[in-house]
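Chemist:
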Amino acid sequence: MDKQQWLEKWFNGVLARGDHTVLAECAADPFVFHLPGGRVLTISHEEYVEYLEYWHQRFKGMTFMLKQTLEVDNKLVAVYQSSATYCGGWLKIPARSNKAVTMTGMMLFILEDGVMTECWLEDSSFDLYQQLTRSGVDKSHS
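To convert, count from 1 in the sequence shown and add 15; that's the working numbering.
1. Exposed or buried, which one is M80 when buried takes at least 16 other CB atoms within 10 Å?
2. Applying the criterion that 16 or more other CB atoms from any shown protein chain within 10 Å of the CB defines a buried residue, is F26 buried or exposed?
3. To test your reading of the DSSP string, which unbroken beta strand (DSSP E) runs of 3 or more residues are found completely within the region 98 to 139?
4. So what does DSSP say about D153, is it helix, strand or coil?
5. Within 10 angstroms of its Cβ, does A115 collect 16 or more other Cβ (buried), or is it exposed?
6. In whole angstroms, give me the CA-to-CA distance for C102 and D138.
7. Enumerate in chain order the residues of its own chain whose CB-to-CB distance from A99 is below 7 Å, with the five nearest sequence positions on each side excluded.
8. Among Y144, H35, V37 and M122, which one has its Cα closest to the Cα of E86?
9. Can you give me the Cβ contacts of I108 inside the same chain, cut-off strictly under 7 Å, excluding the 5 residues immediately before and after it?
10. Where does D34 sit, in a helix, a strand or coil, going by DSSP?
11. Take Q19 as the anchor and find which of L106, G104, A93 and D128 has the nearest alpha-carbon.
12. Pick out the complete alpha helix (DSSP H) segments inside the region 50 to 83, 4 residues or longer, and give them in chain order.
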């Protein structure tokens, strides 16, 4: 599979659906995961699927749109936007009925022999928090 196909599988199969079969095709087990704030985890497929299940319980109907991608050697960068419906349970924030949210981010992947061995995530979690806690309507997230 080429790198663009790999990205489609990662975002639409792994992240949007939590498909463990696609995860096995796309990522080494375990892989190194760099999180916002400098935290670094070596995470197994089982642990990552558990995390995705947790996330999908709180955010239903997740979709991703790739805004920009860049390939350099064995590195792949994707800038994305995601949308979902918030169902409650994240950071003890109660659910509002059918609260649509958006999130943007960027991921950098290192691929070795077609599978991801390491990735970095930077996302708009703070903006997501604001969408869920502020009152009133913000047309920028409609």
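Where a beta carbon is used, it is the ideal one built from N, C-alpha and C, also for glycine.
Modeler: With the structure as the only source:
1. M80 should be labelled exposed.
2. Under a 10 Å Cβ-count criterion, F26 is classified as buried, with 16 or more other Cβ atoms of the shown protein chains found around its own Cβ.
3. Qualifying beta strand (DSSP E) stretches, in chain order: 114 to 127 and 130 to 138.
4. Since pLDDT at D153 reaches only 46, below the 50 mark, its modelled position is unreliable, and the value read off the structure follows with that caveat. DSSP places D153 in coil when its eight states are reduced to three.
5. Exposed, by the Cβ-count rule.
6. Going by the C-alpha atoms only, they are around 20 Å apart.
7. Excluding sequence neighbours, A99 sits near F74, K75, G76, M77 and V116.
8. Distance from the Cα of E86 is smallest, within the candidate group Y144, H35, V37 and M122, for M122.
9. Excluding five sequence positions before and after I108, the CB atoms of its chain that fall closer than 7 Å to its own CB belong to L147 and T148, given in chain order.
10. Correct three-state label for D34: coil.
11. Minimum Cα distance to Q19 is reached at A93.
12. Taking only runs of at least 4 residues, the alpha helix (DSSP H) segments lying wholly in the region 50 to 83 are 60 to 73.
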